[in-house]
Amino acid sequence: MKMKSRLLLSSVILVGLSGILNGCSTKETTTADGTEDKVILVGTQNDYPPFAFADENNELTGYDIDVVKEVDKRLDGYTFEFVATPWDSMFLALESNKIQAVADQVAKTPEREEKYLFTDESYFAAETVIVVKSGRTDLQTLEDLEGKKVGALAGDSYTLLLEEHNKKAEKDIILKYSESGTPSEILQDVQNGRVDAYVNDPIMINSVMKKYELDLEVVGNPLVNDQIGIVFKQGEQGEELKALIDTILKELKEDGTLADLSVKWTDGEYIPE
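In mature numbering (1 follows the signal peptide of the UniProt record, and there is no 0), the protein residues as written are -23 to -1, 1 to 250.
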């Protein structure tokens, strides 16, 4: 196991899109023992609790952050630093090599796997559910959402699910794309009636509901069960990182580290078999 300085272990970079587009694509850093590590910039959101969010000190924390930090501890030759990145800029930053990996509860889908590299080892098993204002009983399924206004973030797996449904539905779900780009804003729109519902992960939903004291509830059965992986750009560097990180994710799964982190952040073990 490598030894690093406290500064490198806790390093978090909070930047906007302009900072991402102007940042360096590759660099090295000197560790406590004098060796050179390649720095891998990992993109993640800063408003997606409990997976990735900014704490009271404006540093990124959460389940996904802790998983990458555990990988970092066990992988010699690399240092991982986090870049707070809006969802709608995430894959642009990856494609332009402003970040070299994404750890942001990204679900594996056939469409995404055609464009990007995912770790074979999933580090979280996520559900997709419908959330509405408490007391509402008419929305339980995707079909129930047809003709209703549903909050959406462009390009995420939950929105893609709704867009795919619309391709074959007689009546479209009316997608209201968020200008802010944050799930918490959409959940507040459900609360105040701007939209009828939102589709996302129940753990994040419950975390935001508690934080903002929202009177919402999850309804119906899970729509989808997703496997979550770390994402890389296609190419030599991505292939190298994927192979290295897959081995470590398997270790973290087998020795119970992922289960412990899942319980810490979600109160349950949501680890794929």
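Positions of the beta carbon are idealized from the N, C-alpha and C atoms, including for glycine.
query: From Ile42, Lys145, Gly158, residue whose alpha carbon lies closest to that of Leu18; result: Ile42
query: CB contact flag (Gly215, Asp65, <7 Å); result: no
query: CA-to-CA distance, Gly124 to Phe28, given in whole angstroms; result: 32 Å
query: Euclidean distance between Cα positions of Ala131 and Asn198; result: 24 Å
query: Beta-ladder partner(s) of Phe209, from DSSP; result: Leu94
query: Check whether Leu94 and Gln211 have beta carbons under 7 Å apart; result: yes
query: Reference Glu231; option with closest CA among His142, Tyr100, Glu58; result: Tyr100
query: Gln82 (DSSP reduced to helix, strand or coil); result: strand
query: 8 Å contact criterion, which Tyr96 and Ile76 should meet: CB distance rounded; result: It should be pointed out that residue 96 corresponds to Thr in this sequence rather than to Tyr. Not confirmed; about 16 Å, so no contact.
query: Nearest residue (CA-CA) to Lys153, options Glu140, Lys145, Lys144, Ala146; result: Glu140
query: Beta carbon of Ala236 nearer than 7 Å to that of Ile225; result: no
query: Buried versus exposed, by CB contacts within 10 Å (16 or more), Pro26; result: buried
query: Proximity winner among Ser73, Phe59, Leu200, relative to Thr21 (alpha-carbon distances); result: Phe59
query: Any 3 or more C-beta pairs closer than 8 Å across the region 176 to 194 and the region 102 to 116; result: yes
query: Straight-line gap, Glu72 to Gly245 (C-alpha atoms, nearest Å); result: 34 Å
query: Contact check, Val127 vs Ile150, beta carbons under 7 Å; result: yes
query: Pick from Glu104, Ala146, Asp14, Ser134 that is closest to Glu120, judged by C-alpha positions; result: Ala146
query: Exposure label - Glu47; buried when at least 16 CB within 10 Å; result: buried
query: Cβ-Cβ separation, Lys85 to Gly206 (assumed contact under 8 Å), whole Å; result: 5 Å
query: Residue range of the unbroken beta strand (DSSP E) whose run includes Val60; result: 55 to 61
query: CB-CB length for Ile182 against Leu164, believed under 8 Å; result: 7 Å
query: Classification of Lys187 by the beta-carbon crowding that lies within 10 angstroms, buried from 16 upward; result: exposed
query: Coil, strand or helix - Phe30 by DSSP; result: strand
query: Short Cβ contact (7 Å threshold) for Tyr175 with Val167; result: yes
query: Short Cβ contact (7 Å threshold) for Asp49 with Ser161; result: no
query: Sequence ranges, alpha helix (DSSP H) only - wholly within the region 170 to 211, length at least 4; result: 179 to 189
query: Nearest to Thr136 (by Cα), restricted to the options Glu13, Gln117, Leu200; result: Leu200
query: Span separating the alpha-carbon of Glu90 from that of Val208; result: 9 Å
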